[in-house]
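Working notes for the structure below.
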Amino acid sequence: MQKGRAILGGSFNPPHIGHLRLAVEVFEVLGGMVDGVDLMPCARPPHKDIAHLLPFNLRADMVDAAVADMPFLRCNRQEVLRDGASYTWSTLRDCRKAAPDTTFYFVLGSPDFTLLPSWHRGNELPSLCHFVIVPRHKDTVKDFVETARSFWPNAKERPSSVPDARCMSLTGGGLAYFLSLPRLDVSASYLRNLWLAGRSLKYFVPESALRLLRESARIVDASWRV
Ligand code: ATP
1 MQKGRAILGG
11 SFNPPHIGHL
21 RLAVEVFEVL
31 GGMVDGVDLM
41 PCARPPHKDI
51 AHLLPFNLRA
61 DMVDAAVADM
71 PFLRCNRQEV
81 LRDGASYTWS
91 TLRDCRKAAP
101 DTTFYFVLGS
111 PDFTLLPSWH
121 RGNELPSLCH
131 FVIVPRHKDT
141 VKDFVETARS
151 FWPNAKERPS
161 SVPDARCMSL
171 TGGGLAYFLS
181 LPRLDVSASY
191 LRNLWLAGRS
201 LKYFVPESAL
211 RLLRESARIV
221 DASWRV
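FYI, the numbering for the sequence shown is 1 to 226, going by full-length UniProt numbering.
Structure, rendered in C-alpha cells:
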C-alpha cells in the first residue's frame with residue numbers, strides 16, 4: 001500500500017525547535033500512515049505581514065540545513081514555483097495532481113486551525129487532505145472538537161487509528177486528528193524579538209540553520225527590524 005505524506009506548511013521565519021519537534025512527533029505518532037514529513041516554506045503568505053519575511057531561499061536553506069540528518073524530513077520548495085499568494089488550497093491541489101495516489105496530512109498548530117474559515121477555500125480543504133492538529137498555548141483538544149463542529153456542522157467523532165488522538169470526520173471526506181503532544185511554547189515572532197534585542201537563539205534554532213542566519217545578519221536585521 002502506498003503511504004501518505006504529511007505537510008507542515010509555515011513561514012519558517014526562522015525555523016525553530018517548535019516546528020522541528022512537531023515534524024518528528026507527527027511522523028512517529030502517525031507511524032506507518034506516512035513515509036515522511038515535508039516542511040514547506042510559504043513563498044507569499046496570504047495571512048501574514050510579509051514585511052518581516054526573510055527571502056524565501058534563506059528560509060528554505062535554513063529548513064534544509066535543519067533537517068539534513070533526518071531522512072524522513074525534507075524541505076519542499078514547491079510554493080516558490082507558483083505565482084501569486086501561496087494558498088494552501090492551490091498547494092494541496094498541486095500535490096494531489098503530482099501524486100494522485102498519495103494521501104496528504106496537513107499539519108497545523110491550533111491557532112492556525114481556528115483561522116481556517118478565513119483561508120482561501122478553507123472549509124473545502126478536507127476534500128483534499130486530512131488534518132493533523134496539535135495544541136499550542138492554552139488550547140485543548142476539547143477546544144478543537146468544538147471548533148471543528150462550528151466549521152463543519154456535520155463533523156462527527158469516530159474511532160481514531162492514531163493512538164492517543166481524537167478523530168473527527170469532516171465535510172468533504174477528510175479526517176481531523178487532534179494530537180496531544182508536549183507543548184513547546186516558542187514562536188518565530190518571539191525569536192525575531194530575541195534577535196533584535198541582541199540575544200542568543202542558541203538551542204531554539206539548530207546550529208546549522210543559525211549559522212546561515214548569522215551569515216546573512218545584515219539582511220536579517222533589515223527584514224526583522226521593519
Ligand atoms: P510566527 O511567530 O512568525 O507567527 P510561528 O512560530 O507560528 O511563526 P509558522 O512558520 O507560522 O511559525 O508555523 C508553521 C506551523 O507550525 C503553524 O501551523 C504553527 O501553528 C505551527 N507551529 C509553530 N510553532 C509551533 C510550536 N511551538 N508548537 C506547535 N506548533 C507550532
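Even for Gly, the Cβ is constructed at its ideal location relative to N, Cα and C.
Judged by DSSP secondary structure, Y190 falls within the alpha helix (DSSP H) whose first and last residues are A188 to L196. Around R218, the same chain offers no residue with a beta carbon nearer than 7 Å, after the five sequence neighbours per side are excluded. Annotated three-state conformation of A85 is coil, per DSSP. Under DSSP, D38 shares a beta bridge with I7 and R74. Distance check between G173 and each of A23, R21 and S127 places S127 closest, using alpha-carbon atoms only.
Two segments are said to touch when three or more pairs of C-beta atoms, one from each, lie closer than 8 Å; by this definition the stretch 140-152 does not touch the stretch 90-108. With contacts defined as CB atoms closer than 8 Å, I7 and F106 qualify as a contacting pair. Closest option to W119, judged by alpha-carbon separation, among W89, R166, L20 and R211: W89. When DSSP reads this structure, M33 sits in no beta bridge, so it has no partner.
Residue K202 holds the alpha-carbon nearest to the alpha-carbon of V186 among L175, L179, K202 and F178. Cβ contact annotation for C129 (same chain, cutoff 7 Å, sequence separation greater than five): L92, F104, Y105, F106 and G174, in chain order. Residues of the same chain with a CB within less than 8 Å of the CB of F204, apart from the 5 flanking positions on each side, are H16, I17, V186, L191 and L194 in chain order.
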